[in-house]
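Peer 1: Residue numbering for the sequence shown is -23 to -1, 1 to 127, as defined by mature numbering (1 follows the signal peptide of the UniProt record, and there is no 0).
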Amino acid sequence: MPLSTRAPLAAAALVLMTGGAFAANDLPPPKTDAMPPVEVTITAENGAPSCAPAELRLPAQSNVDLHVVNQSNLQVSLTAPQIFQNKNVLHHDGDVVHVASNDAYLVKANGKGEIRLRTIAAGEYTYGCTATSKQDKPFTGKLTLIDPAK
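1) From the DSSP output, which residues share a beta bridge with P125?
2) On the DSSP bridge list, what partners appear for T96?
3) Under the three-state reduction of DSSP, which class applies to Q62: helix, strand or coil?
4) For a quick check, are the C-beta atoms of R93 and H68 less than 8 Å apart?
5) L51 to N65, Cα distance in whole Å?
6) Buried or exposed: T109, going by 16 or more other Cβ atoms within 10 Å of its Cβ?
7) Taking Cβ to Cβ, would you say L35 is nearer than 8 Å to V45?
8) Does DSSP classify S110 as helix, strand or coil?
9) Nearest to A81 by CA position, among D70, G105, N87 and E91, is which residue?
10) State yes or no: is the C-beta of A86 within less than 8 Å of the C-beta of S27?
11) Please report whether the beta-carbon of N87 lies at a distance below 8 Å from any beta-carbon of chain C.
12) Quick one: using the 10 Å Cβ neighbour count with 16 as the cut-off for buried, is N23 buried or exposed?
13) Whose CA, out of I60, G118, G100 and E101, lies closest to the CA of P30?
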């Protein structure tokens, strides 16, 4: 192909590729089935942690964005049945660390974190907060998972 023919073809290809890139960036972000964030706040009195809300209500078998705020100067383990297992945790970030037992997340003193997870079947369960320094005084709350179809 002569050089005079190649230059216009290359320019046309560049315009097409550039135009395609701009169009792709104008697309809306992909949709997810994550719900608005739910916040759990940890406080302490006399060295014993407490979680709020005392009754945590979440949709069952759904993706949930759990925001954890530890307002105490204690390291606290946040526990819930099966929910914090690796297979149900989609992502975590911030001052939270997955506990090796696979049943909890450790929240740094005065820390904040986010745990995106998949909830389990509908029903009533317990969830808790336990300070690593006061394991004899755990907080126990109620976790209600509601069928989103109802």
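Glycine residues also receive a C-beta, built at the ideal position from the N, C-alpha and C atoms. Note that the structure is a prediction, hence the values are computed from the model and not measured.
Peer 2: Checking against the coordinates, here is how it stands:
1) In DSSP, P125 forms no bridge with anything.
2) T96 pairs with nothing; no bridge assigned.
3) coil
4) Contact flag set, yes.
5) 26 Å
6) Looking at its Cβ environment, which holds fewer than 16 other Cβ atoms inside 10 Å, T109 is exposed.
7) no
8) Three-state DSSP puts S110 in coil, outside helix and strand.
9) G105
10) 8 Å or more divides the Cβ of A86 from the Cβ of S27.
11) Of the chains in the structure shown, none is chain C; there is only one protein chain.
12) For N23, the number of other beta carbons within 10 angstroms of its own is below 16, and it is reported as exposed.
13) G118
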